[in-house]
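For the sequence shown, the residue numbers in the numbering used here are 23 to 690.
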Amino acid sequence: MKLWKNHGLHFLSATILSILAGSISAQTAGSSSAQFLSKTNIGDNDSVPTVSCTDVVNTISALERAADTDLTAGTTLCLADGTYTGLNIDFGGVGSADNPITVAAQNPGKVVIDGTIEVNMSGEYVVLQGFIFREGNVDERLIQTRSESRDICQHCRVTENTILDMNGLTSDTRWIQVYGTDNRIDHNRFSGKTAQGPLLVIERVVTDEPDRTLIDHNYFGDRPPAQGRAYALSSDNEYEAMRLGDSRSHTSDSFAIVEHNYFEHFDGEAEVISVKAGNVTVRHNTLRDNRGSLVTRHGENTTIDNNFIFGDGNPFAGGIRIVDANHSVTNNYISGARNPSSSFYGGILIHNSDLSTTNGYQFLENVLIANNTVVDSVNSINLSGGREEEDARNVYLVNNIVDNAVDAAIRNPETILEDSVISGNIVFGARLTDSSSITNIEGFTFSDPELVEDSLGVFRPSLDNSSLIANLGVDTGNFELPSLDMDGQTRTQRTFIGADEVLTEVPSVTNRRGVLDASLVGPISYEAPVSEFKVPRIELTNPEFSSGDLTGWESSSATIVTNASDVFSLDNSVRLDGTSAFLAQNIDLSTNTNYTFSFFAKGAGKIQVTVDDEVIESEFDNSRYRFVSVSFNTGNTTSVSLEAIAINDNGSAEAFVDSARLVSHESI
23 MKLWKNHGLH FLSATILSIL AGSISAQTAG SSSAQFLSKT NIGDNDSVPT
73 VSCTDVVNTI SALERAADTD LTAGTTLCLA DGTYTGLNID FGGVGSADNP
123 ITVAAQNPGK VVIDGTIEVN MSGEYVVLQG FIFREGNVDE RLIQTRSESR
173 DICQHCRVTE NTILDMNGLT SDTRWIQVYG TDNRIDHNRF SGKTAQGPLL
223 VIERVVTDEP DRTLIDHNYF GDRPPAQGRA YALSSDNEYE AMRLGDSRSH
273 TSDSFAIVEH NYFEHFDGEA EVISVKAGNV TVRHNTLRDN RGSLVTRHGE
323 NTTIDNNFIF GDGNPFAGGI RIVDANHSVT NNYISGARNP SSSFYGGILI
373 HNSDLSTTNG YQFLENVLIA NNTVVDSVNS INLSGGREEE DARNVYLVNN
423 IVDNAVDAAI RNPETILEDS VISGNIVFGA RLTDSSSITN IEGFTFSDPE
473 LVEDSLGVFR PSLDNSSLIA NLGVDTGNFE LPSLDMDGQT RTQRTFIGAD
523 EVLTEVPSVT NRRGVLDASL VGPISYEAPV SEFKVPRIEL TNPEFSSGDL
573 TGWESSSATI VTNASDVFSL DNSVRLDGTS AFLAQNIDLS TNTNYTFSFF
623 AKGAGKIQVT VDDEVIESEF DNSRYRFVSV SFNTGNTTSV SLEAIAINDN
673 GSAEAFVDSA RLVSHESI
């Protein structure tokens with residue numbers, strides 16, 4: 023259900039209002055069905071088992087001894103409430119769907135274990151539930167669904183566990199290592215992994231057999247850059263949230279599903295989700311303030327539907343990067359992609375190929391990219407990412423919206439997508455393409471879609487915008503256009519382009535979709551503990567100048583600019599004009615702490631930080647907006663001045679800045 027503006031007035035029919043009476047509140051204009059979301063009602067599998075203990079032990083050694091034999095179907099072996107140190111357990115047996123074998127906290131969330139932990143599961147219908155593993159150690163892996171004595175798992179489940187700040191005894195660790203078939207990882211909270219290695223990985227050791235792993239309703243958070251830095255290096259690798267398969271197994275089908283998960287603050291590398299297998303589905307997930315992208319790195323037939331990706335001001339945020347063939351990418355909402363690298367980042371990036379069949383970049387062909395919305399992003403649609411020679415072909419790029427693109431809406435327009443269908447796309451930004459010689463591309467209309475921001479920061483179409491009505495007769499080869507929109511609402515024959523349909527429909531209880539947050543995923547039976555982010559953002563006043571003025575900043579010869587050619591993000595940036603021009607904000611910070619201050623900037627100037635009369639600065643001379651940063655330690659002071667200054671360049675001093683950001687971190 024959406025409540026829309028009509029000539030400045032909100033309206034709802036009496037019928038719809040009567041439906042909304044009670045626990046469901048009316049939405050404001052342009053608002054999302056996410057306001058209807060609640061834990062246990064997201065999708066049709068948002069539930070966890072009830073723990074009914076058949077045996078209860080009160081020491082780790084007793085638990086390890088009791089589990090060291092094949093357990094019988096229906097056994098639920100519980101550890102009593104308390105705080106414990108160390109766990110090395112290898113358990114399993116042959117359970118059934120109705121009578122699984124379970125090792126659980128007697129009361130989920132009330133068993134906390136630190137120290138060195140390793141859990142090995144094996145057999146059939148085996149469950150691990152309700153533990154909090156916190157601030158301990160991992161030697162290679164924490165939980166894996168196999169053991170040497172009982173082989174791999176089938177129909178095993180890891181549910182309602184919290185893994186928090188478990189760091190490695192070795193430099194390369196995995197928290198969850200999935201082997202076997204039909205296993206489920208659900209309703210867990212994972213946060214604070216610092217050691218190298220993907221947090222969760224599906225190990226497809228039998229490459230001709232689908233694993234059918236289900237990963238759902240989990241929280242993935244706080245993956246800082248390596249070595250305590252503020253931002254990861256472009257060469258950093260193996261710091262993703264999850265990797266599904268690997269380069270050796272990517273030609274075989276997985277049929278894994280990743281749905282209803284929430285990802286935030288994954289800043290370790292270029293990929294948050296790395297798909298390296300065939301026939302994987304990634305849908306209904308929300309990603310916020312992450313460095314990396316959702317990537318089909320290897321493998322064919324990936325479906326990427328109904329995901330929300332928000333950059334949230336992260337200067338290296340990505341979107342969706344597509345490699346290999348036969349994928350469907352529809353109904354995704356992407357906002358705030360920021361990384362200026364045109365090789366590996368963008369709102370939607372179509373990757374070129376080196377024709378590899380192993381660990382390189384496979385050829386991209388026969389891919390549907392339809393009904394996606396990309397807002398406020400750099401490289402909004404990148405037709406040829408990567409550094410390889412073979413460009414994609416046979417791409418169905420239809421019915422997408424780009425709004426408020428950062429600089430050009432289309433990157434690499436000179437790329438010829440052979441045998442492709444490009445139709446019904448509306449794009450808008452400072453300019454159509456990054457090429458001065460290409461001012462028109464068939465299938466792209468350069469026009470303002472007039473999207474309206476809702477209370478959740480999602481930009482949506484207005485009800486009466488007839489220019490956004492989709493052409494459903496467009497050729498999409500063997501693909502079908504989506505029948506639902508990004509909120510799970512059924513599209514009509516008068517459907518819109520982009521990810522959002524304009525309807526007056528209340529989503530059903532079992533088909534609720536929308537923007538997720540941390541409160542909507544993770545354990546159901548208890549409130550999982552949380553810790554502070556390792557690279558927290560420090561709040562600045564008016565950092566993106568969204569107020570349309572310089573509130574919170576001291577300045578001289580500084581003005582807000584709104585013309586598209588000089589604006590970095592959305593509507594407002596700042597121009598510094600003259601050798602005396604500056605922009606400054608004073609802030610109180612913690613002593614003896616490392617920080618990094620940054621802007622996106624163009625022109626000639628510098629950003630600088632003054633700490634106890636010491637000036638730390640970084641100059642820039644950019645023809646277009648680039649990320650510029652300066653790192654510092656506060657020493658014994660708490661008062662710091664953050665500044666941007668225009669400097670003389672061949673007789674002219676002019677600079678433009680936008681999107682200020684300040685983060686603290688472990689080392690410089």
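Positions of the beta carbon are idealized from the N, C-alpha and C atoms, including for glycine.
Counting only the Cα atoms, Val679 lies some 13 Å from Ile669. For Cys100, the beta-bridge partners assigned by DSSP are Val78, Ala126.
DSSP places Cys178 outside any beta strand (DSSP E), giving it a letter other than H or E. Each residue's CA atom was taken as its position, placing Phe567 and Ala89 some 59 Å apart.
Secondary structure of Phe58 (DSSP, three-state): helix.
Within the stretch 328-380, the complete beta strand (DSSP E) segments of 3 residues or longer fall at 330-332, 342-344, 350-352, 355-357, 370-373, listed in chain order.
DSSP places Arg305 within a strand segment (E or B) once states are collapsed to three.
The stretch 248-310 is shown to contain whole beta strand (DSSP E) runs of 3 or more residues at 264-267, 279-281, 284-288, 293-298, 303-305, 308-310, in chain order. One thing to note: Ser442 has its Cβ within 8 Å of the Cβ of Val417. Pro558 is classed as exposed because its beta carbon has fewer than 16 other beta carbons within 10 Å across all chains shown. DSSP, read as helix, strand or coil, puts Glu554 in coil.
Taking all protein chains in view, the Cβ of Leu494 is surrounded by fewer than 16 other Cβ atoms within 10 Å, so the residue is classified as exposed. DSSP places Arg87 within a helical segment (H, G or I) once states are collapsed to three. Between Asn323 and Val304, the C-beta gap is not smaller than 8 Å, which leaves the two residues out of contact. Assignment of Ser193 by DSSP, reduced to helix, strand and coil, places it in the coil class. Assignment of Leu490 by DSSP, reduced to helix, strand and coil, places it in the helix class. When only Cα atoms are considered, Ala254 and Ile295 end up about 16 Å apart.
Here Asn422 really is in contact with Ala392; their C-beta atoms are around 7 Å apart, less than 8 Å. Rounded to the nearest angstrom, the Cβ distance from Val543 to Asn240 is 6 Å, consistent with a contact under 8 Å. By the neighbour-count criterion, in which 16 or more other beta carbons inside 10 Å mark a residue as buried, Ser591 falls on the buried side. Excluding sequence positions up to five before and after Leu419, its CB lies within less than 6 Å of the CB of Ile391, Ile444, all in the same chain and listed in chain order.
In this structure, DSSP gives Ser505 a state outside helix and strand, which the three-state scheme calls coil.
Residue pairing for Ala392: DSSP places it in a beta bridge opposite Thr352, Val420. Across the structure, Glu440 and Leu386 are spaced so that their CA atoms are roughly 11 Å apart. In this structure, Val227 is the residue among Val180, Val227, Asp599 with its C-alpha nearest to the C-alpha of Arg270. Only residues of its own chain outside the window of five on either side were considered, and among them Thr318, His320, Gly321, Glu322, Gln384, Leu386 have a CB closer than 7 Å to the CB of Asp346, listed in chain order. One alpha carbon belongs to Val180, the other to Tyr284, and they sit about 17 Å apart.
In the DSSP assignment, Ile135 forms a beta bridge with Tyr106, Phe155. By the Cβ test, the stretch 374-384 is not in contact with the stretch 334-343, since fewer than three Cβ pairs between them sit closer than 8 Å. The alpha carbon of Arg265 has as its nearest neighbour, out of Thr325, Glu641, Val297, the alpha carbon of Val297.
DSSP, read as helix, strand or coil, puts Ala682 in strand.
Rounded to whole angstroms, Glu688 and Gly145 show a C-alpha spacing of 42 Å. Taking the Cα of Gly117 as reference, the smallest distance to any Cα among Ala126, Cys175, Lys61 is reached at Cys175. Between the alpha carbons of Arg534 and Asp238 lies a gap of roughly 15 Å. In this structure, the alpha-carbon of Gly96 lies about 4 Å from that of Asn121. One alpha carbon belongs to Glu182, the other to Leu221, and they sit about 16 Å apart.
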